[in-house]
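All remarks here apply to the structure that follows.
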Amino acid sequence: MMTFQLRDSYDVVVVGGGAAGLNGALMLARSRRSVVVIDAGSPRNAPADGVHGLLARDGMPPAELVERGRAEVRGYGGHVVRGEVEAVTREDDRFVVSLADGRTVRARRLLVTTGLVDELPDVPGLRERWGRDVVHCPYCHGWEVRDQAIGVLATGPMAVHQALLFRQLSADVTLFSHDHPPTAEQAEQLAARGVDVVPGEVASLEIAGDRIVGVRLTDGRTVGREVVAVGSRMVARAGFLAALGLRPVPHPSGMGEHVPADATGRIDVPGVWVAGNVTDLSAQVGAAAAAGATAGAQINADLIAEETRLAVEARRDPFSAASEARVAELVAGDRRHGW
Ligand SMILES: Cc1cc2nc3c(=O)[nH]c(=O)nc-3n(C[C@H](O)[C@H](O)[C@H](O)COP(=O)(O)OP(=O)(O)OC[C@H]3O[C@@H](n4cnc5c(N)ncnc54)[C@H](O)[C@@H]3O)c2cc1C
Numbered sequence: 571m572m573t574f575q576l577r578d579s580y581d582v583v584v585v586g587g588g589a590a591g592l593n594g595a596l597m598l599a600r601s602r603r604s605v606v607v608i609d610a611g612s613p614r615n616a617p618a619d620g621v622h623g624l625l626a627r628d629g630m631p632p633a634e635l636v637e638r639g640r641a642e643v644r645g646y647g648g649h650v651v652r653g654e655v656e657a658v659t660r661e662d663d664r665f666v667v668s669l670a671d672g673r674t675v676r677a678r679r680l681l682v683t684t685g686l687v688d689e690l691p692d693v694p695g696l697r698e699r700w701g702r703d704v705v706h707c708p709y710c711h712g713w714e715v716r717d718q719a720i721g722v723l724a725t726g727p728m729a730v731h732q733a734l735l736f737r738q739l740s741a742d743v744t745l746f747s748h749d750h751p752p753t754a755e756q757a758e759q760l761a762a763r764g765v766d767v768v769p770g771e772v773a774s775l776e777i778a779g780d781r782i783v784g785v786r787l788t789d790g791r792t793v794g795r796e797v798v799a800v801g802s803r804m805v806a807r808a809g810f811l812a813a814l815g816l817r818p819v820p821h822p823s824g825m826g827e828h829v830p831a832d833a834t835g836r837i838d839v840p841g842v843w844v845a846g847n848v849t850d851l852s853a854q855v856g857a858a859a860a861a862g863a864t865a866g867a868q869i870n871a872d873l874i875a876e877e878t879r880l881a882v883e884a885r886r887d888p889f890s891a892a893s894e895a896r897v898a899e900l901v902a903g904d905r906r907h908g909w
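Going by our numbering, the first residue of the sequence shown is number 571, and it counts up by one from there.
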């Protein structure tokens, strides 16, 4: 990633440069807003070979997708910098964004698109193979594992649902009941769809060379499998917002923690918007990008409303120097920097 000198202040700081953040920044840069994306460089799907289910970009490597996005944002004058945001505080009517490397930058509005962390059960082999032959999402990599011997590791409330989804892709699906055995009703559904259920606790994955060959149980049995599907606990990355009084809360689905927002990404803290996986745990790349674009447009509209209100105040009271100065700063200020 190219390194830009951070300016002191922007209309909008976007924290997180995945699909959501870059699409938000694209909308803002095209609206002639000064915008910087600060990105730590670890999109959630980084371990995957390709982004699937995304119209016109199906199969594109995740790194290439974000690289294209960065180029598009820069093409309209937006900045994209590598960095990790450590904290955000408020100072008067600005946000002060502090990076781990000691840099700070001010912003009138904040778009948070930092995604989530996939917490995996403590079963040896899962983390190492995550995104390759340990999978979670039938829409992301289901086609790629079609007709293979798939084991679904039941570690949460969605495991049976996951097994039934993968059954659509392969006739050879086994549910390892591990610490979430199916209810009697679920067991009947699984049996009716031809999904085997293996009771008992899973100890580890059996890996030979560069592939999974089986699932080992704590009682010593091994069941041959080529692919393991598992649900992660999805936890929004939002610790750096604590000083604004913002913390992720449990998601109603039981799948993890998120930052709740309205349909436009607006949250309870004035001036802050969220988009993508940080708020919508199940958003895929297309949905994350769309949410980022919506939030970007909303932020632009919010800034326009503020600038218009101040312009009207100044027009009504042309002798109000403070008001005029404020308008001049808000409306024209960042054009000093070329926007
Ligand atoms: C293995 C795997 C495969 C997947 N495959 C697909 C697929 O095929 N198709 C599909 O549509 N979806 C897929 N997904 C889902 C996809 O990853 C998400 O939909 C998408 O990444 C969400 O985009 P986002 O912008 O919200 O978050 P992310 O893409 O995760 O981007 C967040 C960015 O914020 C940065 N960041 C985090 N904290 C900070 C901080 N404090 N300061 C600065 N930067 C920060 C991160 O480094 C990251 O670059 C897959 C997910 C996984 C786990």
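Backbone N, C-alpha and C define an ideal beta-carbon position, used for all residues, glycine too. Since the model is a prediction, treat every value here as computed from it, not as a measurement.
Original post:
Which residue's Cα is closest to the Cα of Val606: Pro617, Asp581, Leu624?
Top reply: The residue from Pro617, Asp581, Leu624 with its alpha-carbon nearest to that of Val606 is Asp581.
Original post:
With DSSP run on the structure shown, which of helix, strand or coil describes Thr659?
Top reply: Here Thr659 sits in strand by DSSP.
Original post:
Under the criterion of a Cβ to heavy atom distance below 7 Å, does Val793 qualify as lining ligand 1?
Top reply: Answer for Val793: no, Cβ out of range of ligand 1.
**OP:** Report the rounded CA-to-CA distance for Val844 versus Arg664, giving the unit in angstroms.
**Re:** Each residue's Cα considered, the two are about 17 Å apart.
Original post:
Would the C-beta of Asp843 count as close to ligand 1, meaning under 7 Å from any of its heavy atoms?
Top reply: Correcting the residue identity first, residue 843 is Trp in this sequence and not Asp. No - ligand 1 has no heavy atom lying nearer than 7 Å to the Cβ of Trp843.
**OP:** Can you give me the Cβ contacts of Trp713 inside the same chain, cut-off strictly under 8 Å, excluding the 5 residues immediately before and after it?
**Re:** For Trp713, where only same-chain residues beyond five positions count, the Cβ hits under 8 Å are His622, Leu739.
Subject >> Residue range of the unbroken beta strand (DSSP E) whose run includes Glu827 >> reply: For Glu827, the enclosing beta strand (DSSP E) stretches over residues 826 to 828.
**OP:** Just the C-alpha distance for Gly586 and Glu656, rounded to the nearest angstrom, thanks.
**Re:** Spanning the alpha carbons of Gly586 and Glu656 requires a straight line of approximately 12 Å.
Original post:
Looking at C-alpha atoms only, which residue of Gly815, Arg614, Ser612, Pro632 is the closest neighbour of Gly620?
Top reply: Nearest C-alpha to Gly620: Pro632.
Original post:
When every heavy atom of ligand 1 is checked, does at least one fall within less than 7 Å of the C-beta of Ser612?
Top reply: Under cutoff, so the answer is yes.
**OP:** Since I believe Val658 is in contact with Gly811 (beta carbons under 8 Å), could you give me their beta-carbon distance rounded to a whole number of angstroms?
**Re:** Sequence inspection shows Leu at residue 811; the Gly mentioned does not correspond to that position. The Cβ separation is near 6 Å, so the contact holds.
Original post:
Do Val800 and Leu696 have their CB atoms nearer than 8 Å?
Top reply: Between Val800 and Leu696, the C-beta spacing is below 8 Å.
Original post:
Alpha carbon to alpha carbon, how far is Thr788 from Val715?
Top reply: Roughly 26 Å separates the two Cα atoms.
Original post:
Expressed to the nearest angstrom, what Euclidean distance is found between the alpha-carbon atoms of Ala618 and Glu876?
Top reply: Ala618 and Glu876 have their C-alpha atoms roughly 42 Å apart.
Subject >> beta strand (DSSP E) segment containing Val855, residue limits >> reply: No beta strand (DSSP E) contains Val855, which is instead part of the alpha helix (DSSP H) from 855 to 886.
**OP:** Leaving out five residues on either side along the sequence, give the residues of the same chain with a beta carbon under 8 Å from the beta carbon of Thr725.
**Re:** Taken in chain order, the residues that qualify are Pro691, His748, Asp749, His750, Val800, Gly801.
**OP:** Have a look at Arg640 and Ile837 and give me their C-alpha separation to the nearest angstrom.
**Re:** So the alpha carbons of these two residues sit roughly 26 Å apart.
Original post:
Between the Cα of Ala860 and the Cα atoms of Glu758, Gly835, Arg602, which residue gives the shortest distance?
Top reply: That would be Gly835, whose Cα lies nearest to the Cα of Ala860.
Subject >> Same chain, Cβ closer than 7 Å to Pro931, neighbours up to 5 away in sequence not counted >> reply: In the structure as shown, the chain starts at 571 and stops at 909, and residue 931 therefore has no counterpart that could be examined.
Original post:
Any heavy atom of ligand 1 closer than 7 Å to the Cβ of Gly653?
Top reply: Yes, the beta carbon of Gly653 sits closer than 7 Å to at least one heavy atom of ligand 1.
**OP:** Measure the alpha-carbon distance for Gly721 versus Val793 and round it to whole angstroms.
**Re:** Between Gly721 and Val793, the C-alpha separation is close to 9 Å.
**OP:** Return yes when the C-beta of Ile720 is under 7 Å from any heavy atom of ligand 1, and no when it is not.
**Re:** Taking the Cβ of Ile720 as the reference point, every heavy atom of ligand 1 lies at 7 Å or farther away.
Subject >> Sequence ranges, beta strand (DSSP E) only - wholly within the region 741 to 784, length at least 3 >> reply: With a minimum length of 3 residues, the continuous beta strand (DSSP E) runs that stay inside the region 741 to 784 are 743 to 746, 766 to 768, 772 to 778.
Original post:
For Val772, which residues of its own chain have a beta-carbon under 8 Å away from its beta-carbon, when the five flanking residues on both sides are left out?
Top reply: For Val772, the CB contacts under 8 Å within the same chain, skipping 5 residues up- and downstream, are Val693, Leu723, Phe746, His748, Val785, Arg786, Leu787, Thr788 in chain order.
Original post:
Is it right to say Asp703 is buried, meaning 16 or more other beta carbons lie within 10 angstroms of its own, or is it exposed?
Top reply: Counting Cβ neighbours within 10 Å, Asp703 comes out buried, since at least 16 surround it.
**OP:** Take Ser604 as the anchor and find which of Gly770, Arg577, Asn593 has the nearest alpha-carbon.
**Re:** It is Arg577 whose Cα lies nearest to the Cα of Ser604.
Original post:
Among all the DSSP beta bridges, which residues are the ones paired with Tyr580?
Top reply: Beta-bridge pairing links Tyr580 to Ala677.
**OP:** Count the other C-beta atoms from every protein chain shown that fall within 10 angstroms of the C-beta of Arg885, then say buried if there are 16 or more, exposed otherwise.
**Re:** By the Cβ-count criterion, Arg885 is exposed, with fewer than 16 other Cβ atoms from all chains shown falling within 10 Å of its own Cβ.
Original post:
Going by the CB atoms, is the gap between Arg644 and Val651 shorter than 8 Å?
Top reply: The Cβ atoms of Val651 and Arg644 do not sit closer than 8 Å to each other.
Subject >> Paired residues, beta bridge with Gly794 - DSSP >> reply: Bridge partners of Gly794 according to DSSP: Gly784.
**OP:** Ignoring anything shorter than 3 residues or poking outside the region 694 to 737, list the beta strand (DSSP E) runs there in chain order.
**Re:** Scanning the region 694 to 737 from its first residue to its last, the whole beta strand (DSSP E) runs of 3-plus residues come out as 720 to 723.
Original post:
Quick one: what's got a C-beta closer than 6 Å to Ala806's C-beta in the same chain, skipping five residues either side?
Top reply: Cβ contact annotation for Ala806 (same chain, cutoff 6 Å, sequence separation greater than five): Leu686, Pro818, Glu827, His828, Val829, Val848, in chain order.
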